[in-house]
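Protein sequences, first through last, are from chains A and B.
So that you can map any letter, position 167 of the first sequence is 167 in my numbering, and since no number is skipped, the others follow by simple counting.
Basically my numbering = 1-based index in the second sequence + 301.
For each residue, glycine too, the CB sits at the ideal point set by N, CA and C.
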Amino acid sequence: MSILIDADTTFIVQGITGREAVNLTRECLDYGAGARIVGGVTPGRLGRDVHGVPVFDTVAQAVDHHGGPIDGSVVTVPPAFCKDAVLEALENGIGLVVVVTERIPRRDVAEMVEVAEQRGARIIGPNCLGIIVPDVIKMGGIGGPARDAAKAYRPGPVGVISRSGGMTTEMSSTLSAAGLGQSTAVSIGGDAIIGSTYAELMPLFEADPETRAIVIYTEPGGRMEAQLAAWVAENHSRLPIVAFMAGRFMDEMPGMSFGHAGTIVEGREDTAAEKIARLTAAGIQVAERIEDIPTLIQERL
Amino acid sequence: MPGTFIDIVIDSTAGADPELARKLTEVCPVDIFRAGEHGLELVAEHLDECVLCQLCINAAPAGAVRIVKLYSGETLPA
């Protein structure tokens, strides 16, 4: 099993004729059993195709052409149009929206996350690389070209959640090299407001019998780790969690933001030191180095 | 320049409390509050940086701080 997606998941790519989306589409089609990308959407491009995937002007046209509900969408449109694209997907019954686009205005992100919640849908991202179930399917650019993704990701018992797209692959690759595969890896996005946090994904992993441990990649900034610590304490999770905290040096540089927009640290609660203390108090093991993660997981399986 | 994402409404009595001003200045991760000469002040240019963490609401007495979402009209706490 897996979480969020499986071999039967159908999805579309919104903004499919853009350069990144064309590459992403190829990568998803080539990976595993081949993603079931049932359409792409770019207004004004009806009738074209991208690697054999038919292009439509609207999501409604894609749904009509498919002849039934579509499970997901990968949104790759420019920031100014992203909210409209996500709302269009939600209005057409799509339940899982992976938003790759970064630099979306914060009010737009807050609005689309709230609308998704109201409709019982889920957003992954924005500013993320998507989801991968090793050897089965990937939804988004996660892992890069199929050949590279196949090297980095292997099937196994570890669920991976990461604020960094690149580090999702780095940590999974480290696990794979040590013989520890992944059940599902999710790049949740590096922005300050995102659709799905660690704590919101944990119940899904908890319900997945194939997942036996969790690895998370965290950074200073934001309150997601505090939410995770609270979730673990309240829910007595069966899953051991190992975390890696990047950017510990940022504690010496208050007010600075590095890399992801969500890493800005101002308050005391979101420093690396405070987060490590909270995670540790909740029973989550914090790895000193990425290469320590496989051993820490093996000790807990 | 006022924000386009959220607005913050502060109860006038609470706004004059220097201790609350200090607390809100400390908890806000994006520096929306500052302690001024006459109590709590909002930093208008930081309003759009809000991450809706609600740490300010939790740190203040009930009803003293409210966040108005300009995109939906909803007010926090509900």
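Taking the alpha-carbon positions, what's the Ser237 (chain A) to Arg212 (chain A) distance?
11 Å
Say whether chain B places a C-beta atom closer than 8 Å to the C-beta of Ile193 (chain A).
yes
For Ala233 (chain A), which residues from the same chain have a beta carbon less than 7 Å from its beta carbon, with the 5 sequence-adjacent residues on both sides left out?
Ala282
Please report the Cβ distance between Thr168 (chain A) and Ile142 (chain A), rounded to the nearest whole angstrom; I am assuming they are in contact, meaning their Cβ atoms lie under 8 Å.
6 Å
Out of A:Ile193, A:Gly195, A:Ser73, state which residue places its alpha-carbon closest to the alpha-carbon of Gly15 (chain A).
A:Ser73
Integer-rounded CB distance, given that Ala243 (chain A) should sit under 8 Å from Thr271 (chain A)
The Cβ separation is near 15 Å, so there is no contact.
Integer-rounded CB distance, given that Ala60 (chain A) should sit under 8 Å from Ile94 (chain A):
About 11 Å separates the Cβ atoms of Ile94 (chain A) and Ala60 (chain A), ruling out a contact at the 8 Å cut-off.
Give the residues of chain B in contact with Glu102 (chain A), contact being defined as C-beta atoms less than 7 Å apart.
None at all; the shortest Cβ gap to chain B is about 16 Å.
Look at Ala365 (chain B) and Asp308 (chain B) and say whether their C-beta atoms are less than 8 Å apart.
no
With a threshold of 16 other CB atoms inside 10 Å of the CB of Ser373 (chain B), please say whether the residue is buried or exposed.
exposed
Between Val286 (chain A) and Leu296 (chain A), what straight-line distance do the alpha-carbon atoms span, to the nearest angstrom?
9 Å
Just to confirm, is the Cβ distance from Ala7 (chain A) to Val158 (chain A) under 8 Å?
no
Less than 8 Å between the beta carbons of Met202 (chain A) and Phe11 (chain A), yes or no?
no
Residues of the region 181-211 of chain A whose Cβ lies closer than 7 Å to any Cβ of chain B, in chain order
Ala192, Ile193
Beta-carbon separation (whole angstroms), Val97 (chain A) vs Ala116 (chain A), contact threshold 8 Å:
About 7 Å separates the CB atoms of Val97 (chain A) and Ala116 (chain A); that is less than 8 Å, so the two are in contact.
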